[in-house]
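Contents: one structure, followed by commentary.
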Amino acid sequence: MTSPIAHSSLPWDGAVNAHHVAGRLFRMGRREWLTAAGWQDMYDDGVRAVVDLRNPDERVRRPTDPEVPAELLPDMRILSAPTEDQGNAEFMARVGRYLSDPAYYAVNAEMFPDKIAAAFRALAQAGGRGGGVVVHCSAGRDRTGLIVSLALKLAGREELVADQYASGLRGINAWHAVSPIKHPYESHVPEEQLRQLLGEKLERLHTFLAATDVEGLLRAPGGDRAAGLSDAEILAVANLLDA
1 MTSPIAHSSL
11 PWDGAVNAHH
21 VAGRLFRMGR
31 REWLTAAGWQ
41 DMYDDGVRAV
51 VDLRNPDERV
61 RRPTDPEVPA
71 ELLPDMRILS
81 APTEDQGNAE
91 FMARVGRYLS
101 DPAYYAVNAE
111 MFPDKIAAAF
121 RALAQAGGRG
131 GGVVVHCSAG
141 RDRTGLIVSL
151 ALKLAGREEL
161 VADQYASGLR
171 GINAWHAVSP
181 IKHPYESHVP
191 EEQLRQLLGE
201 KLERLHTFLA
211 ATDVEGLLRA
221 PGGDRAAGLS
231 DAEILAVANL
241 LDA
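The opening residue of the sequence shown carries number 1 in UniProt numbering; numbering runs sequentially from there.
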């Protein structure tokens, strides 16, 4: 393994914004950043499944991404579980064109409770097989922050929420300072400004969590119990986060 660098606390080669959440759950930015060695690093750390929260059109290789031949990938299950539909005009009108703040989490949960439940079902399926699970979106901050925060509340680990969100925010900010491709909307933010942003975002995140019945959301998304998670699935997610 390589040594951890500024944007990650885990030494997975090529990984961006990679961190341990709790128990067998990990988080990171887009998986295309990983090198072949990074996939092996992840496997050696016990990870056996990846839950991708991005929409299908986001799951593409960029010119600067490492080439990783399929035959070099370790045996790893990849599950797709988008948390939102950016093609939904009402959703985008309510949250704005760029989703980068917990302020949109309540709208996401209101409009797409079925997608959030599906993401948790993917976590349950991945975690139920044993081994670690990585959840990721693009930056590893916003959609990942939504699912990780809800999972921590579900598992009774709310004391970890603030540090987890902060690690995602700080990690991608550090990446912006060294990324070979500049982001179309974001750039590196100085520490003083970042601390202020973090405080504001955490306040909105805690407000959302305080108002959200996570288990109720998952058991009957949008009031539909038929689409909800079973007792076994809820337990599988909680066990995934068990220290």
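Ideal placement from N, C-alpha and C gives every residue a C-beta, glycine not left out.
Bear in mind that the values here come from a model prediction, so they are computed numbers and not experimental data.
Name the DSSP beta bridge partners of A228, please?
Looking up residue 228 in the sequence shown gives position 228. First, the residue type needs correcting, since residue 228 is Gly and not Ala in the sequence shown. None; G228 has no bridge partner.
Indicate the three-state DSSP secondary structure (helix, strand or coil) for L123 in the structure shown.
In the sequence shown, counting from the first residue as 1, residue 123 sits at position 123. The answer is helix: DSSP assigns L123 an H, G or I state.
Can you tell me whether M1 is helix, strand or coil according to DSSP?
For this step, residue 1 is matched to residue 1 along the sequence shown. With a pLDDT of 43 at M1, under the threshold of 50, the predicted position of this residue should be treated as unreliable, though the coordinate-derived value follows. Correct three-state label for M1: coil.
Mind checking who D52 pairs with in its DSSP beta bridge?
For the purposes of this step, residue 52 is identified with residue 52 of the sequence shown, where counting begins at 1. S80 and H136, per the DSSP bridge assignment.
Can you find at least 3 beta carbon pairs, one from the region 192-204 and one from the region 110-130, that sit closer than 8 angstroms?
Because the criterion of three Cβ pairs below 8 angstroms is not met, the region 192-204 and the region 110-130 do not touch.
Please report how far the alpha carbon of M111 lies from the alpha carbon of F208, in whole angstroms.
As a working mapping, residue 111 is identified with position 111 in the sequence shown. As a working mapping, residue 208 is identified with position 208 in the sequence shown. M111 and F208 have their alpha carbons spaced roughly 15 angstroms apart.
Given a cut-off of 8 angstroms on the beta-carbon distance, is the pair T212 and I147 in contact?
If you number the sequence shown from 1, residue 212 lands on position 212. If you number the sequence shown from 1, residue 147 lands on position 147. Cβ distance not < 8 angstroms, so T212 and I147 don't count as in contact.
Inter-residue Cα distance where the pair is L10 and F26:
Counting from 1 along the sequence shown, the entry for residue 10 is found at position 10. Counting from 1 along the sequence shown, the entry for residue 26 is found at position 26. The straight-line gap from Cα to Cα measures roughly 9 angstroms.
How many angstroms separate the CA atom of Q86 from the CA atom of G29?
The residue labelled residue 86 in the question sits at position 86 within the sequence shown. The residue labelled residue 29 in the question sits at position 29 within the sequence shown. Each residue's Cα considered, the two are about 19 angstroms apart.
Can you give me the start and stop residues for the beta strand (DSSP E) that F26 sits inside?
Stepping through the sequence shown from its first residue, residue 26 is reached at position 26. Segment L25 to M28, the beta strand (DSSP E) holding F26.
Taking a contact to mean a Cβ-Cβ separation below 8 angstroms, would you say A119 touches V68 in this structure?
In the sequence shown, the residue the question calls residue 119 occupies position 119. In the sequence shown, the residue the question calls residue 68 occupies position 68. Between A119 and V68, the CB-CB gap reaches or exceeds 8 angstroms.
How do the region 168-177 and the region 123-143 stand: do at least 3 beta-carbon pairs fall below 8 angstroms, yes or no?
Counting Cβ pairs under 8 angstroms, three or more are found: they touch.
Give a yes or no on whether the C-beta atoms belonging to Q125 and L79 are separated by under 8 angstroms.
Translated into positions along the sequence shown, residue 125 becomes position 125. Translated into positions along the sequence shown, residue 79 becomes position 79. Yes, the pair counts as a contact, with Cβ atoms nearer than the cut-off.
So, are the CB atoms of G171 and H19 less than 8 angstroms apart?
Locating residue 171 in the sequence shown gives position 171, counting from the first residue. Locating residue 19 in the sequence shown gives position 19, counting from the first residue. Yes, these two residues count as a Cβ contact at 8 angstroms.
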